[in-house]
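In our numbering, the protein residues as written are -18 to 343.
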């Protein structure tokens, strides 16, 4: 009897080729597309047609499924997405944090609720178009999460929350492919999305204007306050905590002999944005909470490579484990603009290929 795999089809080229590759491996493939968000009827902005959860994305996914000859289903997850991702996103900015909504979506939606529904369809596996690898280590008897072969497209950073109970059921067929090879296969198989542009924006933020989105959803959080330097001297008036993130320089409109100024911290209780010079942005020690370990929970301190945001380069660090859910990470070289709300993801020190775990920066 064929094993069944549910493919999360976003309407993009990666998930489309994922479905095609698994079909050619002889698996029984079903495609599932999620409706996650759409602009309300009163919204004046146009829908982001390249977003992974737009109406056009559903149509594209159905068209690909028709070409491949596989069944396709659309599931409406808008309510849970609103609660677990959008509400979380808004609250984080209110709290002076800069969240990564893709990580929350992966945890609660794609590898949470979607996997539950996929099993109801009879699926043995769930597959996505992520560029990452899953390998079983027979010696240690654990599943390891590794970087994708194409480092430019590697997405292991946003997958650090996958653990041993789920990894045996996840397939990443894109693991060994480059983006060029992916598009070549899509064109060879006559998939209608072979030349579709990539979605770089947050799917629920029209025109990638997060400030406009936050103002429309939570205008009460935009309370003007003071810009202050590290000595507490008032330098000007800010437009509200959600407008700023650590490391930001543009849009401050601050002059004076101490400039140029950068946001170095957000003091939410006192509604202050703290600014300083470029040198004030660097930190060595980072506190992390909500920690998840991919393999086993470490009991002693260890060395690793740490990555403080998706676009950052990993750097040598020492990890001090206080308990299973918290850790303190000390970098050998100070890191620029360490930002609360972002994820700090750890890779093995020897190769930098294996994801050890990660958590949310405090």
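Ideal Cβ placement from N, Cα and C applies to all residues, glycine included. Predicted model only: the values in this text are computed from it and were never measured.
Three-state secondary structure (DSSP) at residue 241?
Locating residue 241 in the chain shown gives position 260, where the first residue counts as 1. The answer is coil: DSSP assigns residue 241 none of H, G, I, E or B.
Relative to the alpha-carbon of residue 150, which residue among -12, 323, 314 has its alpha-carbon at the smallest distance?
By one-based count along the chain shown, residue 150 stands at place 169. Comparing Cα positions, the closest option is -12.
Whose C-alpha, out of 310, 214, 0, 7, is nearest the C-alpha of residue 14?
For this step, residue 14 is matched to residue 33 along the chain shown. For residue 14, the closest of 310, 214, 0, 7 by C-alpha to C-alpha distance is 0.
Can you check which of these residues, 49, 16, 283, 228, is closest to residue 331 by C-alpha distance?
For the purposes of this step, residue 331 is taken as residue 350 along the chain shown, with counting starting at 1. Nearest C-alpha to residue 331: 283.
I need the boundaries of the alpha helix (DSSP H) containing residue 70, first residue and last residue.
Here the question's residue 70 lines up with position 89 in the chain shown. Start and end: 68 to 75.
Would you call residue 190 buried or exposed, if buried means 16 or more other Cβ atoms sit within 10 Å of its Cβ?
Translated into the one-based positions of the chain shown, residue 190 becomes position 209. Exposed, by the Cβ-count rule.
Does the contact criterion of 3 or more C-beta pairs under 8 Å hold for the region 121 to 129 versus the region 93 to 101?
With a cut-off of 8 Å, the region 93 to 101 and the region 121 to 129 do not count as touching, because too few Cβ pairs lie within range.
Just the C-alpha distance for residue 201 and residue 224, rounded to the nearest angstrom, thanks.
Reading the chain shown from its first residue, position 220 is the one you call residue 201. Reading the chain shown from its first residue, position 243 is the one you call residue 224. Distance between the alpha carbons of residue 201 and residue 224: 13 Å.
Report the three-state DSSP secondary structure of residue 314 (helix, strand or coil).
Mapped onto the chain shown, residue 314 falls at position 333. Three-state DSSP puts residue 314 in a strand.
Run the CB neighbour count on residue 185, radius 10 Å, all protein chains shown included, and call it buried at 16 or more, exposed below.
In the chain shown, the residue the question calls residue 185 occupies position 204. The residue in question, residue 185, is buried, as its Cβ has 16 or more Cβ neighbours within 10 Å.
Quick check on this structure: which residue in 293, 248, 315 has the alpha carbon closest to the alpha carbon of residue 259?
As a position in the chain shown, residue 259 is number 278, starting the count at 1. The option with the nearest alpha carbon to residue 259 is 315.
I'd like to check one pair, residue 310 with residue 275: are the Cβ atoms closer than 9 Å?
Within the chain shown, the letter at position 294 stands for residue 275. Within the chain shown, the letter at position 329 stands for residue 310. Cβ distance not < 9 Å, so residue 275 and residue 310 don't count as in contact.
When the Cα of residue 277 is compared with those of 118, 207, 69, which residue comes out closest?
Sequence index remark: in the chain shown, residue 277 carries index 296 (1-based). Residue 118 is the option with its Cα nearest to residue 277.
Based on the DSSP secondary-structure assignment, which residues constitute the bridge partners of residue 288?
By one-based count along the chain shown, residue 288 stands at place 307. Paired residues: 326.
Which residues does DSSP pair with residue 48 in a beta bridge?
Residue 48 sits at position 67 when you count from the first residue of the chain shown. In the DSSP output, where bridge partners are listed per residue, residue 48 has none listed.
For residue 87, which three-state DSSP category applies?
Stepping through the chain shown from its first residue, residue 87 is reached at position 106. In this structure, residue 87 counts as helix in the three-state DSSP scheme.
For the alpha helix (DSSP H) containing residue 1, name the first residue and the last one.
Here the question's residue 1 lines up with position 20 in the chain shown. Start and end: -6 to 5.
Helix, strand or coil, according to DSSP, for residue 186 in the structure here?
Taking the first residue of the chain shown as 1, we reach residue 186 at position 205. Coil.
Does the region 110 to 117 come into contact with the region 125 to 143, if we say contact requires no fewer than three beta-carbon pairs (one atom in each stretch) closer than 8 Å?
yes
Taking buried to mean at least 16 other C-beta atoms within 10 Å of its own C-beta, is residue 11 buried or exposed?
To locate residue 11, count along the chain shown from 1; it is residue 30. Buried, because 16 or more other Cβ atoms sit within 10 Å of the Cβ of residue 11.
Express the C-alpha separation of residue 155 and residue 49 in angstroms, rounding to a whole number.
Translated into the one-based positions of the chain shown, residue 49 becomes position 68. Translated into the one-based positions of the chain shown, residue 155 becomes position 174. In a straight line, the C-alpha of residue 49 is about 17 Å away from that of residue 155.
Return the CA-CA distance between residue 22 and residue 133, expressed in angstroms with no decimal places.
Position 41 of the chain shown holds residue 22. Position 152 of the chain shown holds residue 133. Legend: pLDDT at residue 22 = 47, less than 50; position of this residue unreliable, value from coordinates given subsequently. Near 38 Å, if we compare the C-alpha coordinates of residue 133 and residue 22.
Quick one: measure Cβ to Cβ for residue 57 and residue 98, integer angstroms, because I've assumed they're closer than 8 Å.
As a working mapping, residue 57 is identified with position 76 in the chain shown. As a working mapping, residue 98 is identified with position 117 in the chain shown. The pair is not a contact, with the Cβ atoms about 11 Å apart (cut-off 8 Å).
Between residue -10 and residue 45, which are expected to be in contact by the criterion C-beta below 8 Å, what is the C-beta distance as a whole number of angstroms?
Reading the chain shown from its first residue, position 9 is the one you call residue -10. Reading the chain shown from its first residue, position 64 is the one you call residue 45. Yes, residue -10 and residue 45 are in contact; Cβ-Cβ is about 7 Å, under 8 Å.
Can you list, in chain order, the residues of its chain with a C-beta nearer than 7 Å to that of residue 333? Leave out the 5 residues immediately preceding and following it.
Within the chain shown, the letter at position 352 stands for residue 333. Excluding residues within five positions, the ones whose Cβ falls inside 7 Å are 286, 295.
Just tell me which of 273, 120, 242, 85 has its CA closest to the CA of residue 208.
Taking the first residue of the chain shown as position 1, residue 208 is located at position 227. With distances taken between Cα atoms, residue 208 lies closest to 242.
Here's the rule I'm using: 16 or more other beta-carbon atoms within 10 Å means buried, otherwise exposed. How should residue 302 be labelled?
Against the chain shown, residue 302 aligns to sequence position 321. With 16 or more other Cβ atoms within 10 Å, it is buried.
Excluding the five sequence neighbours on either side, which residues of its own chain have a C-beta within less than 6 Å of the C-beta of residue 168, listed in chain order?
For this step, residue 168 is matched to residue 187 along the chain shown. Within the same chain, Cβ atoms closer than 6 Å to the Cβ of residue 168 are found at 175, the five residues on either side in sequence being excluded.
Find out if the Cβ-Cβ distance for the pair residue 228, residue 244 is shorter than 9 Å.
Position 247 of the chain shown, counted from the first residue, corresponds to residue 228. Position 263 of the chain shown, counted from the first residue, corresponds to residue 244. Going by C-beta atoms, residue 228 is nearer than 9 Å to residue 244.
How about residue 213 and residue 235: are their beta carbons less than 9 Å apart?
As a first step, residue 213 must be located in the chain shown, where it is residue number 232. As a first step, residue 235 must be located in the chain shown, where it is residue number 254. No, these two residues do not count as a Cβ contact at 9 Å.
Could you name the residues of the same chain whose beta carbon sits closer than 8 Å to that of residue 104, not counting the 5 residues immediately before and after it, in chain order?
Locating residue 104 in the chain shown gives position 123, where the first residue counts as 1. Answer for residue 104: -15, -14, -13, 11, listed in chain order.
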